[in-house]
Amino acid sequence: MLTFAIDWRVGGGEAWSFQLSNILLHAICVLVIFWVVRARWSHGVAAACAALFAVLALHTENVAGIVARADILATIFGLLTWHVAGKKGLKTPLWAGLLMLASLLSKEIGIAFLGLVVAEEVLGLRPENRDRRARLLVIAAMAVAVAIYLALRISAIETVAAPVNPQSNPLVRADGADQQLWTASANLTRTVRLFLVPAELAADYSYAEIMPYPSPWSGDVLAGLGLWLLLPAAVLVFRRRAPGVSSGLLLFLAAYVPVSNLLLLVPTIFAERLLYLASLGLVLAGVLAAARLWKQPRRRAALLAAVAVLVTAHSARSAFRAHDWRSARALFSSAVEIAPGSARNWFNLGVADLDHDQPTEAIEHLQESLRILPNQAQAYSFIGVGLDQLDRPKDAHVEMYRATRIEPGCRLCAINLVNLYTKYGFFADARSEIERYRKSSGNEPEALRMLTNLQAVEDRAKELGEKPRPRLFQR
Numbered sequence: 183m184l185t186f187a188i189d190w191r192v193g194g195g196e197a198w199s200f201q202l203s204n205i206l207l208h209a210i211c212v213l214v215i216f217w218v219v220r221a222r223w224s225h226g227v228a229a230a231c232a233a234l235f236a237v238l239a240l241h242t243e244n245v246a247g248i249v250a251r252a253d254i255l256a257t258i259f260g261l262l263t264w265h266v267a268g269k270k271g272l273k274t275p276l277w278a279g280l281l282m283l284a285s286l287l288s289k290e291i292g293i294a295f296l297g298l299v300v301a302e303e304v305l306g307l308r309p310e311n312r313d314r315r316a317r318l319l320v321i322a323a324m325a326v327a328v329a330i331y332l333a334l335r336i337s338a339i340e341t342v343a344a345p346v347n348p349q350s351n352p353l354v355r356a357d358g359a360d361q362q363l364w365t366a367s368a369n370l371t372r373t374v375r376l377f378l379v380p381a382e383l384a385a386d387y388s389y390a391e392i393m394p395y396p397s398p399w400s401g402d403v404l405a406g407l408g409l410w411l412l413l414p415a416a417v418l419v420f421r422r423r424a425p426g427v428s429s430g431l432l433l434f435l436a437a438y439v440p441v442s443n444l445l446l447l448v449p450t451i452f453a454e455r456l457l458y459l460a461s462l463g464l465v466l467a468g469v470l471a472a473a474r475l476w477k478q479p480r481r482r483a484a485l486l487a488a489v490a491v492l493v494t495a496h497s498a499r500s501a502f503r504a505h506d507w508r509s510a511r512a513l514f515s516s517a518v519e520i521a522p523g524s525a526r527n528w529f530n531l532g533v534a535d536l537d538h539d540q541p542t543e544a545i546e547h548l549q550e551s552l553r554i555l556p557n558q559a560q561a562y563s564f565i566g567v568g569l570d571q572l573d574r575p576k577d578a579h580v581e582m583y584r585a586t587r588i589e590p591g592c593r594l595c596a597i598n599l600v601n602l603y604t605k606y607g608f609f610a611d612a613r614s615e616i617e618r619y620r621k622s623s624g625n626e627p628e629a630l631r632m633l634t635n636l637q638a639v640e641d642r643a644k645e646l647g648e649k650p651r652p653r654l655f656q657r
């Protein structure tokens, strides 16, 4: 929130300031990666990690999507925590705790670094600080930071877990923990595939693009189950011969498991923005594995070629993907091609069509969203907006009125209906709808805002000598 406030102050609410901040934060994260990796391994490994991480196409949403900067901030502070945790000094626990808290306050994924540091301690992967008591003090300080964060979270939202909506995460209605395991496994396969070959990237994968897998008999599920077994085994195998590879794999697991829906359901079934930190673990493990092969001169040409291909391919894909983020309409036009099963993608495309004065296309796309997920109040309401743009106010009213009855507390539905009444001078109907919404939702501030806007329009109409119209619309 602090970074958003700064952006607003600097740019006056213009989009460019928010976008520039995201780019700068990603650049800072890349520099932090270089600094942290170089301090522990080598200049060459650090440069390779930073270069590859900088251009990963999987990160497009984090850089181009304003809200997704939370993952970037959590990664920056988390990496600094990880770096400090391996240092000696009386103030090390204090700095580790403060940086850990900053990471968590940026986003919950910061918890991954506590898991990483604990796992490295158990496996003996941090030899640079031989004072075990000092290392345990650092872990204790990080745990205190987690406790403080949880206390602040409960104080603010009265719960630890975030609410899970069935549309965003259909796993909330899965039939048993086995379906949760199958789906988390399939998504692990999807994650590795997008990391290696990010050909198909989408803004949303919610209902019904990814649904709970009813059985393990799917290629993606079986591959994912194999990865769940292979990755921890690889951590143990490389613990002595290549501890850096183990640390990279641990970072991936520590960052991926919390967002995988394997142990705890999260608000979305799958999202590329959630993979920002986890992808760093794969980058680190891959680069350190390649560094071992670099010691064999006959393999250097092949390694250089592979790195060049990866960096070039991801750079090109990132550039093309960033083009999709130039507007909401471009973004969701791309999304419905890659993830056509997502009702939200079709809904967002329909709303974007309305913003571009394309009501016919908007209605078609909103109807497709309703075909996938019936009884979406907002979809009916925005179909009404489209019908009004087509000069069919009575039909528009039917759809908007239906929306407010499907979901009485829907804010946008109430706003659209009030705007329709106000536009055509039916002020009494508008007031009645505002009062209905206030009672249904309990959202007094929003109801007051709508009432204030209505009063301003009424006052303007009186100045112009216009009279309120009698009821025209049929309820």
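Position 73 (the sequence shown) corresponds to 255 in this note's numbering; numbering is contiguous. In this text, a Cβ means the ideal position worked out from N, Cα and C, and glycines have one as well. Keep in mind that this is a model prediction, so the values were computed, not measured.
Residue range of the alpha helix (DSSP H) that residue i falls in?
i: Leu-276; result: 274-288
i: Gly-195; result: Neither: Gly-195 is in no alpha helix (DSSP H) and is coded neither H nor E.
i: Tyr-389; result: Neither: Tyr-389 is in no alpha helix (DSSP H) and is coded neither H nor E.
i: His-265; result: 251-267
i: Met-324; result: 314-339
i: Val-677; result: Shown here, the chain extends from 183 to 657; a query on residue 677 therefore has no answer.
i: Arg-553; result: 541-554
i: Pro-425; result: 425-438
i: Met-582; result: 575-588
i: Gly-607; result: Counting along the chain, Gly-607 falls outside any alpha helix (DSSP H), and DSSP gives it neither H nor E.
i: Val-125; result: The question about residue 125 has no answer, for the chain in this structure spans 183 to 657.
i: Asn-635; result: 626-645
Using C-beta distances below 6 Å, list every residue in its chain close to residue i, excluding the 5 sequence neighbours before and after it, in chain order.
i: Phe-200; result: Asp-189, Ile-248
i: Asn-204; result: Val-245, Arg-251
i: Ala-177; result: Residue 177 is absent from the model: the chain starts at 183 and stops at 657.
i: Leu-376; result: Leu-240
i: Glu-243; result: Ala-250, Glu-454, Arg-455
i: Leu-404; result: none
i: Gly-523; result: Ala-390, Glu-391
i: Val-448; result: Val-441
For residue i, count neighbouring Cβ atoms within 10 angstroms of its own Cβ and tell me buried if that reaches 16, exposed if not.
i: Ile-254; result: buried
i: Lys-289; result: buried
i: Gly-565; result: According to the sequence as given, residue 565 is Ile; it is not Gly. Burial call: buried.
i: Asn-530; result: buried
i: Asn-527; result: buried
i: Pro-345; result: exposed
i: Asn-351; result: buried
i: Arg-499; result: buried
i: Val-342; result: exposed
i: Val-491; result: exposed
i: Ala-359; result: exposed
Below 8 Å on the Cβ atoms is my guess for residue i versus residue j; work out the distance and round it to an integer in Å.
i: Phe-452; j: Arg-372; result: 7 Å
i: Ser-367; j: Trp-399; result: About 12 Å separates the two Cβ atoms, so there is no contact after all.
i: Gly-292; j: Ser-285; result: 3 Å
i: Leu-569; j: Ala-559; result: Actually they are not in contact, since the Cβ atoms of Leu-569 and Ala-559 sit about 16 Å apart, beyond 8 Å.
i: Ala-436; j: Leu-287; result: 19 Å between Cβ atoms; not a contact.
i: Leu-296; j: Val-266; result: 13 Å between Cβ atoms; not a contact.
i: Ala-471; j: Val-427; result: 5 Å
i: Val-237; j: Leu-466; result: Contact doesn't hold; Cβ gap of about 15 Å is too wide.
i: Trp-364; j: Tyr-395; result: 4 Å
Here's a check: name, in chain order, each residue in its chain whose Cβ is nearer than 8 Å to the Cβ of residue i, leaving out the five neighbours to either side.
i: Glu-303; result: Arg-317, Leu-318, Ile-321
i: Arg-511; result: Leu-531, Ala-534, Asp-535, Asp-537, His-538
i: Val-192; result: Ser-199
i: Ile-215; result: Ala-228, Cys-231, Ala-232, Phe-235, Leu-261, Leu-462
Can you find the residues in the same chain that come closer than 7 Å, C-beta to C-beta, to residue i, ignoring five residues on each side of it along the sequence?
i: Cys-211; result: Ile-254, Thr-257, Ile-258
i: Thr-604; result: Ala-612, Leu-636, Val-639
i: Ala-333; result: none
i: Met-183; result: none
i: Val-439; result: Leu-445
i: Met-393; result: Pro-352
i: His-547; result: Trp-528, Leu-531, Gly-532, Asp-535
i: Arg-642; result: none
Can residue i be considered in contact with the ligand FAD, in the sense that its beta carbon sits closer than 7 Å to one or more heavy atoms?
i: Lys-576; result: With respect to the ligand FAD, the structure shown offers nothing to examine, as it has no ligands at all.
(request) Flag this pair as touching only if the segment 416-429 and the segment 382-390 have three or more C-beta atom pairs under 8 Å; answer yes or no. (result) no
(request) Determine contact between the segment 445-461 and the segment 254-264, defined as no fewer than three beta-carbon pairs at a distance below 8 Å. (result) yes
(message) Does the structure place the segment 617-625 close enough to the segment 586-595 that three or more beta carbon pairs sit under 8 Å?
(response) yes
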